[in-house]
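What follows is a single structure, written as structure tokens, with notes after it.
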Amino acid sequence: MSREELFEKAAQSIVDANKDAAVEIAKKAIEEGIDPVDMINNGFSEGMSRCGELFDTGEMFLPELIVASDAMVAAINVLEQAMPVDSRTEKLGVAVIGTIEGDVHDIGKGIVATMLRVYGFEVHDLGRDVPIKAFVEKAKEVNADIVGSSALMTTTQVGQKALEEALKQAGLRDKVKTMVGGAVVTQRWADKIGSDLYAENATEAVMKLKELFG
Ligand code: B12
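Those letters in the sequence shown? Residues 285 to 498, per the working numbering, in order.
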């Protein structure tokens, strides 16, 4: 099967909310030597954005979206096992990452966390629905170089601005680089709230951080 065929099958397995198929396709991709990151970006994430469109137009409903998300998470878990583990003892930097309070979307944030680990960062993933205070406390505790936040909704995006302010108030803002992302986030938003870095996807996040810390 060609790469393109596998990408398309991966996308379709998510649209079909078919976990077994998604896992099988992820395994097949590994067997065929396809880069797991390409598989996530061009296959499974493409399927998830199609789900977003179907959800928008009322052709997919929340329960199906939840099952589709489970299929996506299962496929990513398989692909993550095929990613090389960075064995350097000296880490490139310490990152704290999480999804802003009130927001349960964590698939994309999880991919960013995994990619940062794979590329040599120490990552503390706080999960989803994370209070601003928890980001700040963790950043202090682990002496973070990077604080990354994810927001998928306009209602939670404002939490990224609050995080900038909370880091300033805690006297940490000069010590850490902040990084924002998530479907509603843009470079313009990052500039507006004074975040150091915006990335559209996990690959770009790694590229930009490696430029800073590599
Ligand atoms: C899957 C999904 C869900 C799943 C989430 C499962 C999970 N565990 O994450 C479920 C079904 C639970 C869900 C629930 C809801 N959802 Co929803 N969901 C989506 C959907 C379809 C896909 C999101 C996704 O996983 N994409 C795939 C990943 C790989 O992409 P990504 O998250 O964008 O991440 C990439 C980049 O953004 C970036 N990135 C992400 N985070 C970070 C962080 C950093 C630091 C950096 C640098 C980069 C970065 O890198 C990632 C990897 O490449 C989107 C539609 C969309 N187009 O995004 C709607 C969407 C986000 N959901 C939406 C809504 C409204 C909801 C609900 C309120 C629905 C409801 N009525 O209950 C609830 C939210 C409840 C809550 N309080 O959070 C809206 C938000 C609208 C808005 N603009 O505010 C969207 C846009 C759909 C829509 N068009 O209406 N949802």
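Ideal Cβ placement from N, Cα and C applies to all residues, glycine included.
Between which two residues does the beta strand (DSSP E) containing residue 409 stretch? Start and end: 405-409.
Do residue 434 and residue 462 have their C-beta atoms closer together than 9 Å? Not a contact, by the Cβ cut-off of 9 Å.
Who are the Cβ neighbours of residue 468 in its own chain at under 7 Å, not counting the five residues just before and after it? Sequence-distant Cβ neighbours of residue 468 in its own chain, meaning closer than 7 Å and more than five residues away, are 435, 436, 437, 438 and 441.
Touch test, the segment 325-341 against the segment 285-299, Cβ-Cβ under 8 Å, three pairs minimum: The segment 285-299 and the segment 325-341 touch, with three or more beta-carbon pairs separated by less than 8 Å.
Check residue 285 in the structure and name its three-state DSSP category. In this structure, residue 285 counts as coil in the three-state DSSP scheme.
Assuming residue 486 and residue 367 make a contact with CB atoms under 8 Å, what is their CB distance in whole Å? With a Cβ gap of about 11 Å, residue 486 and residue 367 do not count as contacting.
Using a 10 Å radius around the Cβ and a threshold of 16 neighbouring Cβ atoms, would you call residue 285 buried or exposed? By the Cβ neighbour-count rule, residue 285 is exposed, with fewer than 16 other Cβ atoms within 10 Å of its own.
Would residue 395 be called buried (16 or more neighbouring beta carbons within 10 Å of its own) or exposed? Only buried fits residue 395, as 16 or more other CB atoms lie within 10 angstroms of its CB.
Residue 297 CB to nearest heavy atom of the ligand B12 below 8 Å: No, Cβ of residue 297 sits at least 8 Å from all heavy atoms of the ligand B12.
DSSP three-state assignment for residue 462, whether helix, strand or coil: In this structure, residue 462 counts as strand in the three-state DSSP scheme.
Between the Cα of residue 381 and the Cα atoms of 466, 475 and 470, which residue gives the shortest distance? From the listed residues 466, 475 and 470, the smallest Cα separation to residue 381 is found for 466.
By a C-beta neighbour count over all protein chains shown, 10 Å radius and 16 as the cutoff for buried, is residue 472 buried or exposed? Exposed.
Where the beta strand (DSSP E) through residue 379 begins and ends: Residue range 377-383 is occupied by the beta strand (DSSP E) that includes residue 379.
Pull up the distance between the alpha-carbon of residue 464 and that of residue 343, whole angstroms please. Rounded to the nearest angstrom, the two C-alpha atoms are 30 Å apart.
Cβ-based burial, residue 444 [other Cβ within 10 Å; buried from 16]: Under a 10 Å Cβ-count criterion, residue 444 is classified as buried, with 16 or more other Cβ atoms of the shown protein chains found around its own Cβ.
Please report the residue range of the alpha helix (DSSP H) in which residue 360 lies. Note, residue 360: alpha helix (DSSP H), 346-364.
CB-CB under 6 Å to residue 406, same chain, minus the five flanking residues each way: which ones, in chain order? Within the same chain, Cβ atoms closer than 6 Å to the Cβ of residue 406 are found at 375 and 378, the five residues on either side in sequence being excluded.
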